[in-house]
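Encoded as structure tokens, the structure appears first; notes follow it.
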Amino acid sequence: MEKFKNITDACVGIPKSHIDTDVIIPAARTKTIGQSGLGDGLFYNVRTSKHPDFLALEQFPKRKILVAQENFGCGSSREHAVWALKDWGFRVLIAPSFATIFYNNALKNGLLPLTISAELVEEILGEAHREDYRIEVLLEEQQLLVPNHSPIRFDLKPYYKQCLLEGMSDLDYIRSKMEDIKAYDQRRKEHLFFDTSLLVKN
Amino acid sequence: MVHKKRNIIDKIWESHLVAKQEGFPDLLGVDLHLLHEMTSPQAFEQLRARNIPFHAPQRSVGTIDHIVSTGNNRFWGKTAASKKIMQTFRDNCKFHGVPLLDIGSGKQGIVHVIGPELGLTQPGMTIVCGDSHTSTHGAVGAIAFGVGTTQVGHVMASGCLLIERPKTMKVAFQGKLGAFITGKDLILKLIQQIGTSGGTGYIFEYCGEAIRQLSQEARLTICNMSIEAGARAGLISPDETTFNYLKGRLCSPKGDEWETALRYWKSLVSPPDAHYDASVVVDIQESAPMVSWGIDPSQCIEIDRKIPALTDFTPQHRDTVQTALNYTGLRAGQSLQGVPIDYAFIGSCTNGRIEDLRAAAQLLQGKKKHPKVRAIIVPGSEEVQKQAIEEGLAAIFEEAGCEFRNPGCSACIALNEDVVPEGKRCASTTNRNFMGRQGKGAITHLMSPAMTAAAIVTGEIYDVRKL
Ligand code: SF4
Chain A
-15 MEKFKNITDA CVGIPKSHID TDVIIPAART KTIGQSGLGD GLFYNVRTSK HPDFLALEQF
45 PKRKILVAQE NFGCGSSREH AVWALKDWGF RVLIAPSFAT IFYNNALKNG LLPLTISAEL
105 VEEILGEAHR EDYRIEVLLE EQQLLVPNHS PIRFDLKPYY KQCLLEGMSD LDYIRSKMED
165 IKAYDQRRKE HLFFDTSLLV KN
Chain B
69 MVHKKRNIID KIWESHLVAK QEGFPDLLGV DLHLLHEMTS PQAFEQLRAR NIPFHAPQRS
129 VGTIDHIVST GNNRFWGKTA ASKKIMQTFR DNCKFHGVPL LDIGSGKQGI VHVIGPELGL
189 TQPGMTIVCG DSHTSTHGAV GAIAFGVGTT QVGHVMASGC LLIERPKTMK VAFQGKLGAF
249 ITGKDLILKL IQQIGTSGGT GYIFEYCGEA IRQLSQEARL TICNMSIEAG ARAGLISPDE
309 TTFNYLKGRL CSPKGDEWET ALRYWKSLVS PPDAHYDASV VVDIQESAPM VSWGIDPSQC
369 IEIDRKIPAL TDFTPQHRDT VQTALNYTGL RAGQSLQGVP IDYAFIGSCT NGRIEDLRAA
429 AQLLQGKKKH PKVRAIIVPG SEEVQKQAIE EGLAAIFEEA GCEFRNPGCS ACIALNEDVV
489 PEGKRCASTT NRNFMGRQGK GAITHLMSPA MTAAAIVTGE IYDVRKL
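Heads up: the sequence lines are chains A and B, in that order. Just so we're aligned, residue -15 is where the first sequence starts under this note's numbering, counting upward by one. Just so we're aligned, residue 69 is where the second sequence starts under this note's numbering, counting upward by one.
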């Protein structure tokens, strides 16, 4: 996973709540083996039908910050929704709330979801069309800089902060604990009472 | 500060901590990793791509269950796709030294049926599989849960899982078991009461006199559906019923080791005043056999009640309820008794064990299936199948006009040839009545094996207590 770098950018605003994973990427667009190329399927149905709430996507295809209303990412636990958002180019998501599984999937894939008040989201959505309305995300400081506001601190679990800063995946972290794992395996043996080799012998 | 007494979930979790760090998920050791053909190929691929060895093949076991045909001559797969998936799985197990319980070995079966059956699943263990119904194994007193394919890869690579610790919930069943009230009825009753997300973020411990009265196999049925209540896992503290069940099984400890194991297992049992983060009581004193009427397992009722009126639901829920009723072709306020069925399925990791087949056979003995019903009975494993033949159950089914097929997941997920046709109504012992689960447009009514047997005989949803 690549390291997360601080971002200053204008936003893509989608003034809608409860955007589910099927809207983010329709199931029919997920039938690929890999994770790249899924960006083409991002918001496919609403984007191609020119749904008025989703016009900003095509209008500002290079922006890295997506802003939407509450409960973003509800629906199925499919990781494809996150992969598609990343593949499109988004690095930060801002909403008053996220669906839990989606929130975790995002962090596991290096996409930073930020929860801020509904009033502030409303304000940002009102200005999002402006190229000069730029938001700054400072990961180390856990701060969000929004025009006309003092710095806003956002919450982030220390584990995920470290993953994003170092570009570390879950598996990288697990493998950094290999010594602990070996010691644990030895300790645990005393309480294991099954022998799978019997399965193939008999 | 009052000292909090640890429950069995706390004890197992804490004894499996490999690494713990403030603000980080726990790194939890996995004692047993069960693998099947459907959720493992991409995980094996991860190992290959990063050139990582399989960490603990001796603590892993594989079987083929989801996609397998239940017909004869099924070893090589009946379609090009199933053949490819099965062969890839065999190659992967062989390459990494994972014991494979293959078709025809006498030990093949649904992964959640064979674990307990072979004595692999034991109290105090952590068990993981790339399948949501892994919670089944909790019934012997283990923490067992399903994980996604990425995490299957993590377990392959390290024998560990990175996971946030869930909270604990005590689920107490109050009252005595009535006639024909089975594990299936208790768990459906719980899900009806707390909903499909009532357990989100929790591991359940099931308690109460009714649980103690239940056989080990009935307890497996209860834990199996923990996931349908949204819980991460569900378990039951082991007792004499559990120990008697495990004694003498192929992989169970023997001799002195059995005594050592027993002492350890008993030390894990929750004390009566153990602390939990939450608790719920389910009153089963007046309960009747349960049947589902909708498209999620919480949409179910006692057979002697009626589907609730739309006004009984909160306004936000009425749309969902109406969608469910439109799909199942039923009306609010209607009774389920007498609704004609086209199909019946007895099997799956919920109710595909020998006791389930015995319960059904007892009711079908000397009777014929209703002529309009196609009844499919699929044992959960080759061992269950063998026993059913030896005990004469298979003969009873066949004389009644039912099909007794080879073991696998079968019509529970309809990935093989056992598919319920569009618009057909099926009485089913499975765990999910989602739209299209048993086939596109198929309608599923979840119920116990006894209730399914009653439906087979009468051709309709029928109160087995009146048979
Ligand atoms: S029987 Fe059904 S629920 Fe159980 S493992 Fe197979 S497909 Fe899943």
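Glycine residues also receive a C-beta, built at the ideal position from the N, C-alpha and C atoms.
Entirely within the segment 103 to 132 of chain A and at least 3 residues each: give me those beta strand (DSSP E) ranges in chain order.
-> Fully enclosed beta strand (DSSP E) runs of 3 or longer: 119 to 122 and 127 to 129.
When the Cα atoms are used, what is the spatial distance from residue 428 of chain B to residue 491 of chain B?
-> Those two C-alpha atoms are separated by around 25 Å.
Report the residue ranges of all alpha helix (DSSP H) runs contained in full by the segment 278 to 319 of chain B; include only those spanning at least 4 residues, in chain order.
-> Every unbroken stretch of the alpha helix (DSSP H) spanning 4 or more residues and falling wholly within the segment 278 to 319 of chain B is given here in chain order: 284 to 292 and 308 to 314.
Spatial neighbours of residue 526 of chain B within its chain, please: CB distance less than 7 Å, with the 5 preceding and 5 following residues excluded, ordered by chain position.
-> Hits under 7 Å: 438.
Please report how far the alpha carbon of residue 292 of chain B lies from the alpha carbon of residue 250 of chain B, in whole angstroms.
-> It is roughly 13 Å from the alpha-carbon of residue 292 of chain B to the alpha-carbon of residue 250 of chain B.
Roughly how many angstroms separate the alpha carbons of residue 182 of chain A and residue 317 of chain B, rounded to a whole number?
-> So the alpha carbons of these two residues sit roughly 11 Å apart.
Contact check, residue 238 of chain B vs residue 273 of chain B under 8 Å by CB: the rounded distance?
-> Right, their Cβ atoms sit about 6 Å apart.
Near residue 233 of chain B, what residues of its chain come up, given a Cβ to Cβ distance below 7 Å and the 5 sequence neighbours on each side ignored?
-> Here the set comprises 81 and 94.
When the cut-off is 7 Å and only beta carbons count, does residue 150 of chain B lie next to chain C?
-> Absence of chain C from the displayed structure is noted, the protein chains being A and B.
Exposed or buried, which one is residue 365 of chain B when buried takes at least 16 other CB atoms within 10 Å?
-> Burial call: buried.
Check whether the segment 440 to 460 of chain B touches the segment 405 to 413 of chain B, taking contact to mean three or more Cβ pairs, one atom from each stretch, closer than 8 Å.
-> Verdict: yes, contact present.
Taking one C-beta from the segment 299 to 311 of chain B and one from the segment 272 to 287 of chain B each time, how about it: are there three or more such pairs within less than 8 Å?
-> Yes: the two stretches touch, three or more of their Cβ pairs being nearer than 8 Å.
Where are the beta strand (DSSP E) runs, 3 residues long or more, that stay fully inside the segment 460 to 498 of chain B, in chain order?
-> Complete beta strand (DSSP E) runs here, min 3: 493 to 496.
Alpha helix (DSSP H) runs contained entirely in the segment 33 to 78 of chain A, provided each spans 4 or more residues = Runs found: 40 to 43 and 64 to 72.
Going along the chain, which residues of its own chain have a beta-carbon closer than 6 Å to the beta-carbon of residue 395 of chain B, five neighbours each way excluded?
-> Taken in chain order, the residues that qualify are 363 and 503.
C-alpha gap between residue 27 of chain A and residue 90 of chain A, whole angstroms | Computed Cα separation, rounded: 16 Å.
Can you give the Cα-Cα distance for residue 56 of chain A and residue 99 of chain A, rounded to whole angstroms?
-> Going from the Cα of residue 56 of chain A to the Cα of residue 99 of chain A covers about 10 Å.
Give the interface partners of residue 222 of chain B over in chain A, defined as CB-CB distance under 9 Å, in chain order.
-> Near residue 222 of chain B (Cβ distances below 9 Å), the residues of chain A are 154, 155 and 158.
How far does the beta strand (DSSP E) with residue 87 of chain B in it reach, from first residue to last?
-> Going by DSSP, residue 87 of chain B is part of the beta strand (DSSP E) stretching over 85 to 87.
Nearest-angstrom Cα separation, counted from residue 138 of chain B out to residue 213 of chain B = Between residue 213 of chain B and residue 138 of chain B, the C-alpha separation is close to 27 Å.
When the distance is taken between beta carbons, is residue 75 of chain B closer than 7 Å to residue 236 of chain B?
-> The answer is yes: Cβ separation under 7 Å.
Which ranges would you report for the beta strand (DSSP E) in the segment 414 to 451 of chain B if only whole runs of at least 3 residues count?
-> As summarised for the segment 414 to 451 of chain B, the continuous beta strand (DSSP E) elements at least 3 residues long and confined to that stretch are 442 to 445, given in chain order.
Would you kindly check if the distance between the Cβ of residue 253 of chain B and the Cβ of residue 496 of chain B is under 7 Å?
-> Contact: no.
Among all the DSSP beta bridges, which residues are the ones paired with residue 241 of chain B?
-> Residue 241 of chain B pairs with B:350.
Euclidean distance between Cα positions of residue 121 of chain B and residue 179 of chain B | Answer to the nearest angstrom: the Cα atoms are 24 Å apart.
Got a sec: does the ligand SF4 put a non-hydrogen atom nearer than 6 Å to the Cβ of residue 486 of chain B?
-> No, the ligand SF4 has no heavy atom inside 6 Å of this Cβ.
Whose Cβ in chain A lies nearer than 9 Å to the Cβ of residue 325 of chain B?
-> For residue 325 of chain B, the residues of chain A that pass the 9 Å Cβ criterion are 177, in the order they occur in the chain.
Return the first residue and the last residue of the beta strand (DSSP E) that residue 264 of chain B is part of.
-> Element bounds for residue 264 of chain B: n/a, residue is neither H nor E.
State the Cα-Cα distance for the pair residue 346 of chain B and residue 256 of chain B, rounded to the nearest angstrom.
-> Straight-line Cα distance between these residues: approximately 20 Å.
Is any beta-carbon of chain B found at less than 7 Å from that of residue 10 of chain A?
-> Contact with chain B is absent for residue 10 of chain A, since none of that chain's Cβ atoms lies less than 7 Å from the residue's Cβ.
Can you pull the DSSP bridge partners for residue 94 of chain B?
-> Bridge partners of residue 94 of chain B according to DSSP: B:231.
Own chain partners of residue 111 of chain A with C-beta closer than 7 Å, once the 5 adjacent residues on each side are dropped = Cβ contact annotation for residue 111 of chain A (same chain, cutoff 7 Å, sequence separation greater than five): 117, in chain order.
Cβ of residue 100 of chain B within 7 Å of Cβ of residue 127 of chain B?
-> Yes, these two residues count as a Cβ contact at 7 Å.
List the residues of chain A that residue 226 of chain B touches, going by C-beta distances under 9 Å, in chain order.
-> Per Cβ cutoff of 9 Å: 155, 158, 159, 161, 162 and 165.
Alpha carbon to alpha carbon, how far is residue 349 of chain B from residue 37 of chain A? Give it in angstroms, no decimals.
-> Between the alpha carbons of residue 37 of chain A and residue 349 of chain B lies a gap of roughly 46 Å.
When the distance is taken between beta carbons, is residue 191 of chain B closer than 7 Å to residue 209 of chain B?
-> Taking the C-beta atoms as reference points, residue 191 of chain B is found nearer than 7 Å to residue 209 of chain B.
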